[in-house]
Amino acid sequence: MEISFVRIDDRLIHGQVATVWVKEAKCNKIIAVSDEVAADTLRKTLLLQVSPPGINAYVVTIDKAIEAYNNPKYADFKTLFLFTNPSDVLRVVEGGVPFKSVNVGGMCYKEGKKQITGAVSVDKQDVEAFRKLHEKGIELEIRKVASDPKVNLISKIQGL
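Numbered according to the numbering used here, the sequence shown terminates at residue 161, and the numbering increases by one at each position without gaps.
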């Protein structure tokens with residue numbers, strides 16, 4: 002399986018992903034990875050319905066994503082991986098999937114989170130996961146839309 006692009010966006014598949022990031026990634030598959038979303042039949046169904054024409058989308062658990070990556074049956078997949086949070090990305094990387102770069106597009110503000118850009122808010126668990134990914138040599142860049150300049154995420158979480 003070829004890893005075309007990895008993105009954290011808590012909305013997963015939506016207009017910007019379906020129209021812009023799919024073209025940017027030059028992918029033929031979207032795999033949304035989340036134990037929580039995979040267990041939510043309604044949310045899973047809605048996500049699959051908004052996949053762009055000609056692109057097969059899947060909503061899978063973390064374990065299934067690792068299993069699929071390692072299955073030769075999916076060797077022709079050029080995959081856009083989508084996640085809702087960095088802890089799930091870290092679990093997939095620790096499971097042996099070699100991500101080189103992670104785009105952070107949207108992590109909405111909630112109680113207990115600190116806003117680091119207009120579209121990205123983090124809590125202690127997020128910061129810890131990002132630091133571990135960074136220690137593994139993975140590029141962490143913030144871009145809400147593809148035309149935005151890359152912003153180094155690590156520089157935004159210094160001191161948190």
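Ideal placement from N, C-alpha and C gives every residue a C-beta, glycine not left out.
All values derive from a computational prediction rather than experimental measurement.
Neighbour-count burial assignment, residue i, 16 or more Cβ in a 10 Å radius
| i | result |
| --- | --- |
| Leu-43 | exposed |
| Val-21 | exposed |
| Ala-69 | buried |
| Ser-156 | exposed |
| Ser-102 | exposed |
| Pro-87 | buried |
| Thr-46 | exposed |
| Ala-130 | buried |
Supposed close pair residue i, residue j - CB separation, criterion 8 Å
| i | j | result |
| --- | --- | --- |
| Ile-56 | Ile-31 | 6 Å |
| Ile-63 | Asp-89 | 6 Å |
| Arg-132 | Leu-83 | Arg-132 to Leu-83, Cβ: 22 Å. No contact. |
Coarse secondary structure for residue i, derived from DSSP in three states
| i | result |
| --- | --- |
| Asp-10 | strand |
| Tyr-110 | coil |
| Thr-20 | helix |
| Ser-5 | strand |
| Phe-78 | coil |
| Lys-157 | helix |
| Ser-52 | coil |
| Lys-145 | coil |
| Phe-131 | helix |
| Ser-88 | helix |
| Val-98 | coil |
| Lys-30 | strand |
| Lys-115 | strand |
| Ala-39 | helix |
| Ala-58 | strand |
Chain-order list of residues whose beta-carbon lies under 6 Å from that of residue i (same chain, five-residue window excluded)
| i | result |
| --- | --- |
| Leu-81 | Ser-5, Phe-6, Ala-26, Cys-28, Ile-31 |
| Phe-100 | Val-7, Val-94, Ile-139 |
| Lys-79 | Glu-3, Ser-5, Cys-28, Asn-29 |
Beta-carbon proximity list for residue i, same chain, < 8 Å, skipping 5 on both sides
| i | result |
| --- | --- |
| Leu-48 | Leu-13, Ile-14, Ala-33, Val-38, Ala-58, Val-60 |
| Ala-76 | Met-2 |
| Val-23 | Ile-31, Pro-53, Ile-56, Leu-81 |
| Lys-115 | Ser-122, Val-123, Asp-124, Leu-161 |
7 Å CB neighbourhood of residue i in its chain, flanking five on each side removed
| i | result |
| --- | --- |
| Leu-128 | Rather than Leu, the amino acid found at residue 128 in this sequence is Val. Cβ within range, chain order: Ile-158, Leu-161. |
| Lys-151 | Glu-142, Arg-144 |
Inter-stretch contact at 8 Å, needing at least 3 Cβ pairs: the segment 130 to 147 / the segment 89 to 108: Touching, per the Cβ criterion.
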